[in-house]
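In this note's numbering, the protein residues as written are 1 to 754.
In this text, a Cβ means the ideal position worked out from N, Cα and C, and glycines have one as well.
Beneath this line is the structure, given in structure tokens, with notes to follow.
This is how it looks when you write it as structure tokens:
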């Protein structure tokens with residue numbers, strides 16, 4: 001180290017002379033000037049992360065090396081490959097005089113017709129949605145019973161996923177579905193009937209409870225009253241109006257025998273139930289081996305949580321004890337239990353589901369919580385999880401608990417604007433915002449992610465207060481001026497004005513945009529205001545924040561801070577692939593084609609962020625520049641905490657396109673989870689996805705069971721399991737029914753209104 005410079009007195013005494021006042025001032029001024037130059041110079045630097053440098057480089061490149069070195073002469077043999085091809089064609093024709101060759105016509109391939117998950121009338125018999133799946137050339141159709149293929153070639157055909165053409169038929173014609181002596185005569189293209197048959201046969205899910213009668217057989221107890229319907233179907237082309245037509249019910253033993261000769265039952269609410277139905281597996285698009293692997297992962301995660309942390313919020317799988325450092329603290333709120341209920345139900349894990357229900361009914365309470373708890377997290381995990389369990393089962397205990405939790409959140413809305421605070425103390429009812437959030441602002445992704453749960457809760461309870469709270473938020477946001485059409489991440493709940501100008505489709509912004517689209521879907525596409533706000537926001541994001549990297553051409557969504565792009569994408573933003581895809585396929589407007597292009601690009605980019613790591617698991621965020629693409633650079637960006645957003649986009653894009661690559665990408669991630677995240681005590685996140693081997697963080701997040709495993713399970717299930725035209729997923733992957741499309745949307749009776 002060089003010594004510090006000192007000034008000495010020239011006197012013989014040799015004493016050190018101190019600086020004069022003028023010298024001190026001069027040194028201070030020099031230092032201040034240097035500091036100002038450095039700071040202002042930093043803000044005035046050009047945007048090297050943008051396209052300016054690339055544009056200059058491309059212009060120089062276009063000039064070509066001919067600026068310095070003459071171009072080589074044209075190769076006289078340049079057409080040799082075309083000549084070889086021509087000679088080969090002539091030889092084939094000369095040797096096969098009597099054989100007509102099939103040549104590809106020189107025409108452009110017509111564009112693919114997107115198939116919307118929301119049914120629309122289709123009148124073209126050649127449309128993919130109306131293709132017949134089963135032929136009736138043989139009186140004995142192939143069927144599948146209790147996991148065993150009765151046809152030796154069925155498995156091979158089922159594995160060829162792309163060649164299967166099961167789609168929901170949107171032409172509302174009526175046929176008979178009849179089951180006789182282990183044989184299906186399938187003459188129905190009703191989407192509801194096909195959906196129910198496939199769901200029940202493949203999952204064992206039931207919306208009813210079973211009891212044994214005096215003969216030892218199982219009787220079915222419906223949640224709602226039902227009545228028999230005479231079997232007066234006809235095939236002469238005449239039939240009653242489809243809205244009045246009965247739904248089909250079979251009660252079938254596991255060996256395939258019919259337990260109830262009364263085949264047709266109409267539920268009072270229009271719902272249907274088919275237990276242990278025999279279905280031709282060739283009709284489905286299931287990858288059974290991979291789906292069963294995901295179910296085994298769920299069983300491993302759940303059983304260890306039950307063993308080491310039952311009733312607690314989350315599990316530490318390495319330490320094999322409860323995780324008390326979660327966002328819900330050490331209070332025994334059973335976050336993993338509530339978050340996992342619908343996943344257990346969907347996977348047919350009935351015993352585990354019953355265990356969870358019993359705990360919720362007897363133990364779940366928020367009355368003793370005196371800490372500040374996130375309003376957002378409580379809503380999406382607890383209110384959303386309980387509402388999904390109610391929608392799937394009709395069990396009133398889940399509705400009661402959901403309303404109980406929502407009532408605990410209402411004091412957070414007591415602000416001058418009605419924009420809720422971020423944190424609430426359930427015991428005292430006091431609420432506040434995070435100290436770090438831009439001058440006491442509320443966060444867009446938190447107060448903007450309440451609509452699905454609160455609107456649905458009002459409809460099933462008859463209490464309008466929940467819908468009124470979220471509609472007030474909608475009204476404020478709609479009327480606010482948006483910079484460049486974008487929504488900043490911070491809004492002051494006292495003044496109703498934007499905070500810091502930071503826009504993101506990742507952390508702090510993400511799920512607000514998701515709920516705009518899904519509010520429209522949940523309403524049965526009647527909430528036009530939500531769809532309009534969604535389209536306006538997405539168009540602005542595509543214009544100002546969506547970019548492509550160079551040279552790889554990866555599509556990504558950057559953050560914007562004070563009109564400057566930060567070329568970084570959060571893992572949280574990987575849900576946007578599915579978001580843009582749903583926006584494209586649910587409404588064929590002028591933006592649909594661009595939405596789908598962005599959806600495919602973002603999903604591919606998130607996949608690239610996975611496969612460019614040692615572990616094949618994605619980092620928390622990743623960056624783009626001239627030197628790096630889809631890679632984390634900072635140590636605090638390299639962890640993976642079992643996040644689901646990429647799997648969510650795989651699942652939705654698979655449902656929309658049936659492109660096999662999304663299933664393959666999901667399977668690659670499953671293998672990575674098994675290799676790097678699994679332990680004897682459950683599943684753990686990892687601290688650095690680029691290290692070999694990675695270090696585990698010893699936390700099994702509740703959303704791993706609620707979201708990650710659910711989306712992966714659905715990725716390998718048939719489209720009829722939670723079809724996208726009947727269900728909409730909240731941001732914690734809890735399925736809520738779509739109004740007017742799903743009979744499980746149980747509206748409260750007028751008498752139940754307060």
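**Q.** Per DSSP, cross-strand counterpart(s) of residue 20
**A.** Note: residue 20 sits in no beta bridge, so no partner.
Q: Please specify which runs of the alpha helix (DSSP H), each continuous and at least 4 residues long, are wholly inside the stretch 637 to 719, giving them in chain order.
A: Contiguous alpha helix (DSSP H) elements confined to the stretch 637 to 719 occur at 645 to 657, 660 to 676, 709 to 715, taking only those with 4 or more residues.
**Q.** Own chain, CB closer than 6 Å to residue 509, minus 5 neighbours either side, in chain order
**A.** 444, 445, 489, listed in sequence order.
Q: State the Cα-Cα distance for the pair residue 292 and residue 448, rounded to the nearest angstrom.
A: 36 Å
Q.
I'd like the list of long-range same chain contacts for residue 361, defined as Cβ closer than 7 Å, with 5 residues on each side in sequence excluded.
A. Within the same chain, Cβ atoms closer than 7 Å to the Cβ of residue 361 are found at 397, the five residues on either side in sequence being excluded.
Q. Are the beta-carbon atoms of residue 484 and residue 544 separated by less than 8 Å?
A. Yes, the Cβ-Cβ distance between residue 484 and residue 544 is below 8 Å.
**Q.** Coil, strand or helix - residue 566 by DSSP
**A.** strand
**Q.** Between the CA atoms of residue 87 and residue 632 - distance to the nearest angstrom
**A.** 53 Å
Q: Can you give me the Cβ contacts of residue 691 inside the same chain, cut-off strictly under 7 Å, excluding the 5 residues immediately before and after it?
A: Around residue 691: 614.
Q: Starting from the Cα of residue 317, find the closest Cα among 671, 642, 649 and give me that residue.
A: 642
Q.
Nearest by alpha-carbon distance to residue 749: which of 460, 358, 387 is it?
A. Minimum Cα distance to residue 749 is reached at 460.
(Q) For residue 366, tell me which candidate among 354, 382, 376 has the shortest Cα-Cα distance. (A) 382
(Q) Quick check on this structure: which residue in 338, 287, 710, 526 has the alpha carbon closest to the alpha carbon of residue 359? (A) 338
Q. For residue 337, does the three-state DSSP call read helix, strand or coil?
A. helix
Q: Note down, in chain order, each residue of its chain lying with its Cβ closer than 8 Å to the Cβ of residue 697, except the 5 sequence neighbours on either side.
A: 639, 641, 684, 685, 686, 687
Q) Between the Cα of residue 285 and the Cα atoms of 435, 523, 494, 714, which residue gives the shortest distance? A) The shortest C-alpha to C-alpha distance from residue 285 to any of 435, 523, 494, 714 is the one to 714.
Q | Coarse secondary structure for residue 517, derived from DSSP in three states | A | helix
Q) Helix, strand or coil for residue 150 per DSSP? A) For residue 150, the predicted structure reports a pLDDT of 44, less than 50, and the residue's modelled location is therefore unreliable. A value from the coordinates is still provided. Three-state result, residue 150: coil.
Q) What runs of the alpha helix (DSSP H), each 4 residues or longer, lie entirely inside the stretch 555 to 618? A) 576 to 586, 592 to 611
Q) Is residue 741 helix, strand or coil by DSSP? A) coil
Q | Other residues of its chain near residue 372: CB distance less than 6 Å, five sequence neighbours each side excluded | A | 423, 425
Q.
Among the candidates 379, 635, 576, whose CA atom is the shortest distance from the CA of residue 796?
A. An answer regarding residue 796 cannot be provided, because it is not within the stretch 1 to 754 covered by the chain.
Q: Could you round the C-beta distance between residue 740 and residue 524 to whole angstroms and report it? I think they count as a contact, below 8 Å.
A: 4 Å
**Q.** Beta-carbon contacts of residue 30 that lie in its chain and below 7 Å, excluding the five residues immediately before and after
**A.** none
Q: Would you list the one or two residues that DSSP bridges to residue 322?
A: 315
Q) Opposite residue 728 in the DSSP bridges: which residues? A) Its beta-bridge partners are 736.
Q.
Between the alpha carbons of residue 657 and residue 719, how many angstroms are there, rounded?
A. Spanning the two alpha carbons is a distance of roughly 11 Å.
(Q) Using only the alpha-carbon positions, how far apart do residue 430 and residue 405 sit? (A) Each residue's CA atom was taken as its position, placing residue 430 and residue 405 some 15 Å apart.
**Q.** Burial state of residue 701, where buried means 16 or more other Cβ atoms lie within 10 Å
**A.** buried
Q | Proximity winner among 582, 530, 664, 301, relative to residue 595 (alpha-carbon distances) | A | Here the closest residue by C-alpha is 582.
Q | Residues near residue 331 in its chain [Cβ-Cβ closer than 6 Å; skip 5 each side] | A | 369
(Q) Helix, strand or coil, according to DSSP, for residue 302 in the structure here? (A) helix
Q. Among 385, 664, 474, 325, which has the Cα closest to the Cα of residue 512?
A. 474
Q. From what residue to what residue does the beta strand (DSSP E) around residue 389 run?
A. From DSSP, residue 389 is part of no beta strand (DSSP E) but of the alpha helix (DSSP H) over 384 to 393.
Q.
Buried or exposed, going by whether 16 or more other CB atoms sit within 10 Å of the CB of residue 699?
A. buried
Q: Over the uninterrupted alpha helix (DSSP H) stretch that includes residue 535, give me the two end residues.
A: 528 to 544
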